[in-house]
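Below is one structure, written out as structure tokens; the observations come after it.
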Amino acid sequence: MVLGTALARYHYDATPDEAGGTIITMNEGDELLLLERDMGDGWTRVRHRISNAEGFVPTSYLDCKWYGSSTSR
């Protein structure tokens, strides 16, 4: 279920070890769909709008707009 949208504030390059797991690469300005909130570990689960890659990215690298919420992070 999509919980909102986000815009990547910065580039994040997943390392080779991470790329095989659930961490994904994103570029500054990429549009992402928010799939899961940060559970306190600094990572948010997203789906890339263009590539459909799904995984985690650093929460602090995102401008988030959550559906049904008047606050953004």
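The sequence shown maps to residues 1 to 73 in UniProt numbering. Ideal placement from N, C-alpha and C gives every residue a C-beta, glycine not left out. Keep in mind that this is a model prediction, so the values were computed, not measured.
Cβ neighbours of residue i in the same chain (closer than 8 Å, five flanking residues each side left out)
{"i": "Gly42", "result": "Pro58, Thr59, Ser60"}
{"i": "Asp30", "result": "Leu7, Ala8, His48, Arg49, Ile50"}
{"i": "Asp38", "result": "Thr44, Thr59"}
Residues near residue i in its chain [Cβ-Cβ closer than 6 Å; skip 5 each side]
{"i": "Glu54", "result": "Arg47"}
{"i": "Glu28", "result": "Ala8, Tyr10, His11"}
{"i": "Glu36", "result": "Arg45"}
Residue span of the beta strand (DSSP E) that contains residue i, given as start and end
{"i": "Ile55", "result": "Looking at the sequence provided, one finds Gly at residue 55 rather than Ile. Where Gly55 is concerned, the enclosing beta strand (DSSP E) stretches over 54-58."}
{"i": "Leu7", "result": "4-8"}
Cβ distance (whole Å) where residue i is taken to contact residue j below 8 Å
{"i": "Thr22", "j": "Phe56", "result": "5 Å"}
Proximal residues to residue i (C-beta, below 7 Å), its chain only, five neighbours per side dropped
{"i": "Leu33", "result": "Val2, Thr5, Val46, Arg47, Arg49"}
{"i": "Tyr12", "result": "Thr25, Met26, Val57, Pro58, Tyr61"}
{"i": "Ala14", "result": "Ile23, Ile24, Thr25"}
{"i": "Tyr67", "result": "Leu3, Gly4"}
Notebook entry, point to check: Considering only residues of the stretch 10-51, which uninterrupted beta strand (DSSP E) runs meet the minimum length of 3 residues and lie entirely inside it, listed in chain order?
Noted result: 31-36, 43-48
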